[in-house]
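Asks: Shown below is the structure under consideration.
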Amino acid sequence: MAASTSHVSAQAGSRAEPELSGWIVFAALMLLVAGGFSLVYGLAAVLNDQVVRVGGQGVIVLDFTVWGWVHMVVGAIMLLTCWGLFALKGFARWTAIFIAIVNAMLQMATITAFPLWSIMIITLDVIIIYQLTVNWAKDPAY
2 MAASTSHVSA
12 QAGSRAEPEL
22 SGWIVFAALM
32 LLVAGGFSLV
42 YGLAAVLNDQ
52 VVRVGGQGVI
62 VLDFTVWGWV
72 HMVVGAIMLL
82 TCWGLFALKG
92 FARWTAIFIA
102 IVNAMLQMAT
112 ITAFPLWSIM
122 IITLDVIIIY
132 QLTVNWAKDP
142 AY
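Going by our numbering, the first residue of the sequence shown is number 2, and it counts up by one from there.
Below is the structure:
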């Protein structure tokens, strides 16, 4: 009995290494998809803004070229943050949550030009935020 008690206390005092769980992988992959979509959308808006228009509607503020550059920058940050999640970096979780919120808000600026696309990206962002807030390990240091 004494041997098992010392074994438990030794485990309780040691710090477990974070492991890559299925939820973290899912959130990182969704961030990869959303970041890739934002990067491609931004590139299309910069190169030829006629491609990202539906029904001749424009964006709410500024023009497609500006929003294209903004989406490319946000998409690149999302892709870099995705790799941070795969590497189990603590900062990557909060960065991913923040950038997913920013990306969802950015989609509202272009929703008049391409509504279905914007709704799809907002949905992906909500899934990312959900996975990174609800389904995360209970380790307080992470």
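In this text, a Cβ means the ideal position worked out from N, Cα and C, and glycines have one as well.
State yes or no: is the C-beta of Ala29 within less than 7 angstroms of the C-beta of Phe65?
Replies: Locating residue 29 in the sequence shown gives position 28, where the first residue counts as 1. Locating residue 65 in the sequence shown gives position 64, where the first residue counts as 1. No, these two residues do not count as a Cβ contact at 7 angstroms.
Asks: Does DSSP put Val62 in a helix, in a strand, or in coil?
Replies: Taking the sequence shown and counting its residues from 1, one reaches residue 62 at position 61. Coil.
Asks: Could you tell me whether the stretch 77-94 touches the stretch 108-118, using the rule of 3 or more Cβ pairs below 8 angstroms?
Replies: No: the two stretches stay apart, fewer than three of their Cβ pairs being nearer than 8 angstroms.
Asks: Which whole-angstrom value describes the C-beta separation of Val47 and Trp70, a residue pair presumed to lie in contact below a C-beta threshold of 8 angstroms?
Replies: One-based indexing of the sequence shown puts residue 47 at position 46. One-based indexing of the sequence shown puts residue 70 at position 69. So it is a contact: roughly 6 angstroms between Cβ atoms.
Asks: Might you give, ordered along the chain, the residues of its own chain that have their beta carbon closer than 7 angstroms to the beta carbon of Ile61, omitting 5 neighbours on each side?
Replies: If you number the sequence shown from 1, residue 61 lands on position 60. Only Ala110, Thr113 meet the Cβ criterion.
Asks: Along the chain, where does the alpha helix (DSSP H) containing Asn49 start, and where does it finish?
Replies: Residue mapping note: residue 49 aligns to position 48 of the sequence shown, counting from 1. Looking at the DSSP string, Asn49 is not in any alpha helix (DSSP H), and its letter there is neither H nor E.
Asks: How far does the alpha helix (DSSP H) with Ile122 in it reach, from first residue to last?
Replies: In the sequence shown, the residue the question calls residue 122 occupies position 121. It spans 116-134 - the alpha helix (DSSP H) in which Ile122 sits, taken as one unbroken run.
Asks: Could you check whether the stretch 73-81 touches the stretch 35-45, counting it as contact only if at least three pairs of C-beta atoms, one from each stretch, sit closer than 8 angstroms?
Replies: At 8 angstroms Cβ cutoff, the stretches touch.
Asks: In whole angstroms, what separates the C-alpha of Ser22 from that of Leu117?
Replies: Taking the first residue of the sequence shown as position 1, residue 22 is located at position 21. Taking the first residue of the sequence shown as position 1, residue 117 is located at position 116. In a straight line, the C-alpha of Ser22 is about 32 angstroms away from that of Leu117.
Asks: Tell me which residues share the same chain as Ile128 and place their Cβ nearer than 6 angstroms to its Cβ, disregarding the 5 neighbours each side in the sequence.
Replies: Residue mapping note: residue 128 aligns to position 127 of the sequence shown, counting from 1. Only Met31 meet the Cβ criterion.
Asks: With a threshold of 8 angstroms on Cβ separation, who are the neighbours of Ser7 within its own chain once the five nearest residues in sequence on each side are excluded?
Replies: For the purposes of this step, residue 7 is identified with residue 6 of the sequence shown, where counting begins at 1. Residue confidence for Ser7 is low, a pLDDT of 40 falling below 50, so the modelled location carries little weight; the figure read from the coordinates is stated next. Nothing listed; no residue qualifies.
Asks: Within its chain, find whatever has a CB closer than 8 angstroms to the CB of Ser119; leave out the 5 residues flanking it on each side and keep chain order.
Replies: Taking the first residue of the sequence shown as 1, we reach residue 119 at position 118. Excluding residues within five positions, the ones whose Cβ falls inside 8 angstroms are Gln108, Met109, Thr111, Ile112.
Asks: Short check: CB of Asp126 to CB of Ala97, under 7 angstroms?
Replies: One-based indexing of the sequence shown puts residue 126 at position 125. One-based indexing of the sequence shown puts residue 97 at position 96. No, they are not a contact pair.
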